[in-house]
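These notes are about the structure you will find just below.
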Amino acid sequence: MLSIKNLHASVEDLCILKGINLEVKPGEIHAIMGPNGSGKSTLASVLAGKEDYEVTEGEVVFNGVDLLEMEPEDRAREGMFLAFQYPVEIPGVSISNFIKTAMNEKRKHFGQEDIKAVDYLKKIKEKMALLEINPKFLGRSLNQGFSGGEKKRNEVLQMAMLEPKLSVLDETDSGLDIDALKIVANGVNKLKTSDNATIVITHYQRLLDYIVPDFVHVLYNGQIVKSGDKTLAHELEKNGYDWIKEEAAATV
Amino acid sequence: MNVETAFDLKDKLVEDFFQLEEKRKALNLNGQNAYWTEGIEAFKKQEFPTTKNEDWKYTNLKPYLERTYSNYQSSSINTKIDITDFVGNDDVYYITFVNGEWSEMNTHLPKQDGVVVSNLLFAFETEYAGVKNYFGKYLSLEKNIFSALNTASFTDGLFVEVAKGVVLDKPIVCLYLTDSSQGNLTANYRNLFIVGENAQVKILEYNYTLNNANYVLNTFASEVFVDKYANVDYYKFQLDEAKVSQINQVEAQQEQNSVFTTNTFTLSGDLVRNEVNVLLNGEHIESFLNGLYLTDGKMLVDNRSLMDHAKPNCMSDEFYKGIIGGQSKAVFNGKIMVRQEAQKTNAFQSNKNILVSDNATINTKPQLEIFADDVRCTHGATTGQINEDALFYMQARGIGKDVARKLLLKSFAADVVERVQLDFAKEFLLDLIARKLEEI
Chain E
1 MLSIKNLHAS VEDLCILKGI NLEVKPGEIH AIMGPNGSGK STLASVLAGK
51 EDYEVTEGEV VFNGVDLLEM EPEDRAREGM FLAFQYPVEI PGVSISNFIK
101 TAMNEKRKHF GQEDIKAVDY LKKIKEKMAL LEINPKFLGR SLNQGFSGGE
151 KKRNEVLQMA MLEPKLSVLD ETDSGLDIDA LKIVANGVNK LKTSDNATIV
201 ITHYQRLLDY IVPDFVHVLY NGQIVKSGDK TLAHELEKNG YDWIKEEAAA
251 TV
Chain Y
1001 MNVETAFDLK DKLVEDFFQL EEKRKALNLN GQNAYWTEGI EAFKKQEFPT
1051 TKNEDWKYTN LKPYLERTYS NYQSSSINTK IDITDFVGND DVYYITFVNG
1101 EWSEMNTHLP KQDGVVVSNL LFAFETEYAG VKNYFGKYLS LEKNIFSALN
1151 TASFTDGLFV EVAKGVVLDK PIVCLYLTDS SQGNLTANYR NLFIVGENAQ
1201 VKILEYNYTL NNANYVLNTF ASEVFVDKYA NVDYYKFQLD EAKVSQINQV
1251 EAQQEQNSVF TTNTFTLSGD LVRNEVNVLL NGEHIESFLN GLYLTDGKML
1301 VDNRSLMDHA KPNCMSDEFY KGIIGGQSKA VFNGKIMVRQ EAQKTNAFQS
1351 NKNILVSDNA TINTKPQLEI FADDVRCTHG ATTGQINEDA LFYMQARGIG
1401 KDVARKLLLK SFAADVVERV QLDFAKEFLL DLIARKLEEI
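Below you can see the structure in the form of structure tokens.
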């Protein structure tokens, strides 16, 4: 589904990603862990197509097409979803209107008619029930005045509605208490199928107790320096990142 | 501080005055000509302002005064219009003016007891007491050359008088149509609204250009008296084409416990200058000024206001937003005056702008003059660009950049739109905004 080869990216001439390689197949959950500043969020932003990042080398193929050639909106329409670490507050645009617009833009991309108002309402109510979200939420302005937990739940609601093939969760656990974290993680698990894939980016192992990964990768200094199964996450939790840094230094 | 031009527009307009006077002889004005004469005397004594004048610092009139304009150009457009085409609703009373002249066939007025709605000349001819008691009472001829010009040259306008306790059953729509097919044109409109104690009325004005062939400079002066416990909801939809300029003045006086709301929506035109001065002349008054301007091309939109708090326990709330594109320019100057007696005043003012082009300009200047010591006044002005993070967030959900941009701009304007109390006017405004955002 996703194939990243030797990906290099920089922001304002500062090289942050220095040769990432990663293969993700349908049905898989990958966790990417790493210390602060290792390039985790940069990877997420590059995949979503944020303009500030310049890809200097390498390739990313998403379902057979060159992802890096696509505009951010086309990536999303083709099934890429980034759950933002810091969802943006947009006053005056209701959640309901926003998600409907996004769905219709996707439908238009595939030559489909706009979704019927009735069908849309039915679907969003279903998904909100699934994610334990109060229906009053719908009329509120996007993320405006939301708590950390509400923002992240709103991200997962959008994910549920847009049904992406690949979801990248960027530090979805940051700023969440344990109850909010469970709700968000449960939501992600409920949306999991054998056809879609998830990349969970996190600093801490805690989230991975609830979203159990098939693979864990350690990103350090712009490269994936270690990969393993979920036990690697526990090891990192116990021993911190210093041993990774030492190992990486030794190989250089 | 004279504006130096190749020819003198002032001389030209003074000459025109005598022509207009000849035409007025045909009317049955019963010696009421003195109003116009006072106007021309005041006009002669003043000069057009330059940018050295603080009130015109950011609005250079020179390009607009270098042209000649003729009064009283008859329009060939004398067909019956469909009011729905102009305001999106036909369940209204309406009155129409074309190039300064009343269009009788395009007028549908209320026949309700206690309500007089007519063209102003009719009110003069029938010698309504309202004209005698209120005309010229709030607009000072000395303050501004355009007040004097308007008083010297007005050819007609809207007269509304609502008696004590009367609630008008439908809104009053006033259309000002401009047809410049015959040459450069000027028309001067004078309005007088007298709203009695505990009466209620909604008045909506629309500026439309039927033919954008030549340059136009229109002036509007409206005097509004809002008696105690009255409620007046006043709208201006400024929708002229790119060669049509207007200088607009509203002078209002409110009495105790009254509510007056002025909504000014500027979506097109050349130079659009709006001055709204409100005197809060009693206790427990509420006064609202809402404004939205969407500018592009070479438009210049200048909104000025004075909220003059003369008595205690009043509230004023001024809320203007602008989306400024192309090479256009917007000016906002809002002044709040709180006189010594006006304790417990609550005055709010906000002006927010988004510049959507590198060549667009905004000059915003809040002014507070407070002489009372127990007041609450807040003001804030912001200017920014489209939020790039929000744009990316929307793109990352599959919303194309162009659609995302429009959605963001629409949402920026949404809270001004929300203040519109009439549903059909709100719908109409939303539609105008959507269409305008296609161009900006």
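Chains E and Y supply the protein sequences, listed in that same order. Oh and the first sequence: position 95 is 95 in the numbering used here, straight run, nothing missing. One gets the numbering used here by counting positions in the second sequence from 1 and adding 1000 to each. Glycine included, every Cβ here is placed at the ideal spot set by N, Cα and C. Remember, it's a predicted structure, so these values are computed and weren't measured experimentally.
Cβ separation of residue i and residue j, assumed to be a contact under 8 Å, to the nearest whole Å
i, j, result
"Y:L1289", "Y:D1308", "In fact, because the Cβ distance is near 12 Å, the residues do not count as touching under 8 Å."
"Y:Y1176", "Y:L1204", "Not a contact, Cβ separation roughly 12 Å."
"Y:A1199", "Y:A1230", "5 Å"
"Y:Y1138", "Y:Q1253", "6 Å"
"Y:L1109", "Y:V1117", "5 Å"
"Y:V1331", "Y:N1363", "5 Å"
"Y:E1223", "Y:N1248", "Y:E1223 to Y:N1248, Cβ: 13 Å. No contact."
Within-9 Å CB hit, residue i to chain E
i, result
"Y:K1436", "no"
"Y:D1431", "no"
"Y:V1162", "no"
"Y:V1226", "no"
"Y:K1401", "yes"
"Y:L1185", "no"
"Y:A1396", "yes"
"Y:F1392", "yes"
"Y:M1001", "The predicted model places Y:M1001 with a pLDDT of 45, which falls under 50 and marks its position as unreliable; any figure quoted below should be read in that light. Y:M1001 does not count as touching chain E."
"Y:A1404", "yes"
CB contact below 9 Å: residue i versus chain Y
i, result
"E:R77", "yes"
"E:A117", "no"
"E:V93", "yes"
"E:T231", "no"
"E:I20", "no"
"E:K25", "no"
"E:E105", "yes"
"E:L82", "yes"
"E:Q112", "no"
Residue burial classification, residue i (beta-carbon count within 10 angstroms, cutoff 16)
i, result
"Y:M1001", "At Y:M1001 the pLDDT is 45, less than 50, meaning the model places this residue with poor confidence and gives no usable figure here."
"Y:G1334", "buried"
"E:W243", "exposed"
"E:E23", "exposed"
"Y:P1312", "buried"
"Y:N1030", "exposed"
"Y:M1486", "What is shown of chain Y runs 1001 to 1440, which leaves residue 1486 of chain Y out entirely."
"E:L14", "exposed"
"E:S147", "exposed"
"E:H234", "exposed"
"Y:G1269", "buried"
"E:P164", "buried"
"Y:T1084", "exposed"
"E:E78", "buried"
"E:G222", "buried"
"E:S194", "exposed"
"Y:S1140", "exposed"
"Y:N1053", "exposed"
Any non-hydrogen atom of the ligand HEM within 8 Å of residue i CB
i, result
"Y:K1365", "Of the ligands one can find in the structure shown there are none, so the ligand HEM has no counterpart to examine."
Cβ pair count under 8 Å reaching 3, the segment 1167 to 1175 of chain Y against the segment 1093 to 1104 of chain Y: Cβ pair count under 8 Å is three or more, so yes.
Residues of the segment 1368 to 1389 of chain Y with Cβ closer than 7 Å to any Cβ of chain E, in chain order: Cβ contacts with chain E: D1389.
Sufficient close CB pairs (3 or more, under 8 Å) joining the segment 1206 to 1222 of chain Y to the segment 1241 to 1252 of chain Y: In short, these stretches touch, since the Cβ pair count reaches three.
Positions along the segment 47 to 58 of chain E whose CB lies within less than 8 Å of some CB in chain Y: Within the segment 47 to 58 of chain E, the qualifying residues are A48, G49, K50 and E51.
Any 3 or more C-beta pairs closer than 8 Å across the segment 149 to 169 of chain E and the segment 76 to 91 of chain E: In short, these stretches touch, since the Cβ pair count reaches three.
Chain A contacts made by the segment 1331 to 1343 of chain Y, where a contact means CB separation under 9 Å: Checking the listed chains, one finds no chain A in this structure; the protein chains it contains are E and Y.
contact_flag[the segment 217 to 229 of chain E, the segment 53 to 61 of chain E] where n(CB pairs < 8 Å) is 3 or more: No, because fewer than three Cβ pairs between the segment 217 to 229 of chain E and the segment 53 to 61 of chain E fall closer than 8 Å, the two stretches do not touch.
The segment 1409 to 1422 of chain Y: positions lying closer than 7 Å to chain E by Cβ: Those residues of the segment 1409 to 1422 of chain Y placed with their C-beta closer than 7 Å to a C-beta in chain E are S1411, F1412, A1414 and D1415, ordered along the chain.
Contact the segment 195 to 205 of chain E vs the segment 25 to 37 of chain E: 3+ CB pairs below 8 Å: Segments in contact, yes.
contact_flag[the segment 1157 to 1164 of chain Y, the segment 1053 to 1062 of chain Y] where n(CB pairs < 8 Å) is 3 or more: Short answer: they don't touch.
Contact the segment 93 to 104 of chain E vs the segment 130 to 148 of chain E: 3+ CB pairs below 8 Å: For the pair of segments examined, the segment 93 to 104 of chain E was found to touch the segment 130 to 148 of chain E: the number of CB pairs separated by less than 8 Å reaches three.
Segment contact, 8 Å Cβ cut-off, at least three pairs: the segment 61 to 73 of chain E with the segment 13 to 22 of chain E: These segments do not touch.
Touch test, the segment 1009 to 1026 of chain Y against the segment 1148 to 1158 of chain Y, Cβ-Cβ under 8 Å, three pairs minimum: Output reads yes: the segment 1148 to 1158 of chain Y touches the segment 1009 to 1026 of chain Y.
At least three beta-carbon pairs within less than 8 Å, the segment 1335 to 1344 of chain Y to the segment 1369 to 1383 of chain Y: At 8 Å Cβ cutoff, the stretches touch.
Three or more C-beta pairs below 8 Å linking the segment 1396 to 1416 of chain Y and the segment 1375 to 1383 of chain Y: Segments in contact, no.
Stretch pair the segment 174 to 181 of chain E + the segment 113 to 125 of chain E: three plus CB contacts closer than 8 Å: Touching, no, given that fewer than three Cβ pairs across the two stretches are closer than 8 Å.
Interface residues of the segment 1283 to 1304 of chain Y facing chain E [CB-CB below 7 Å]: Within the segment 1283 to 1304 of chain Y, no residue has its Cβ closer than 7 Å to any Cβ of chain E.
Residues of the segment 1175 to 1206 of chain Y whose Cβ lies closer than 9 Å to any Cβ of chain E, in chain order: Cβ contacts with chain E come from no residue of the segment 1175 to 1206 of chain Y.
Members of the segment 114 to 147 of chain E near chain Y, C-beta cut-off 7 Å: With the criterion set as a beta carbon lying under 7 Å from some beta carbon of chain Y, the segment 114 to 147 of chain E has no members that meet it.
Given 8 Å, three or more beta-carbon pairs between the segment 1067 to 1081 of chain Y and the segment 1183 to 1191 of chain Y: Counting C-beta pairs closer than 8 Å gives three or more between the segment 1067 to 1081 of chain Y and the segment 1183 to 1191 of chain Y, which meets the contact rule.
Where the segment 161 to 177 of chain E meets chain Y: residues whose CB sits under 9 Å from a CB there: Cβ contacts with chain Y come from L162.
Contact set between the segment 212 to 225 of chain E and chain Y, restricted to residues whose Cβ is under 9 Å from the partner: From the segment 212 to 225 of chain E, no residue has a Cβ closer than 9 Å to chain Y.
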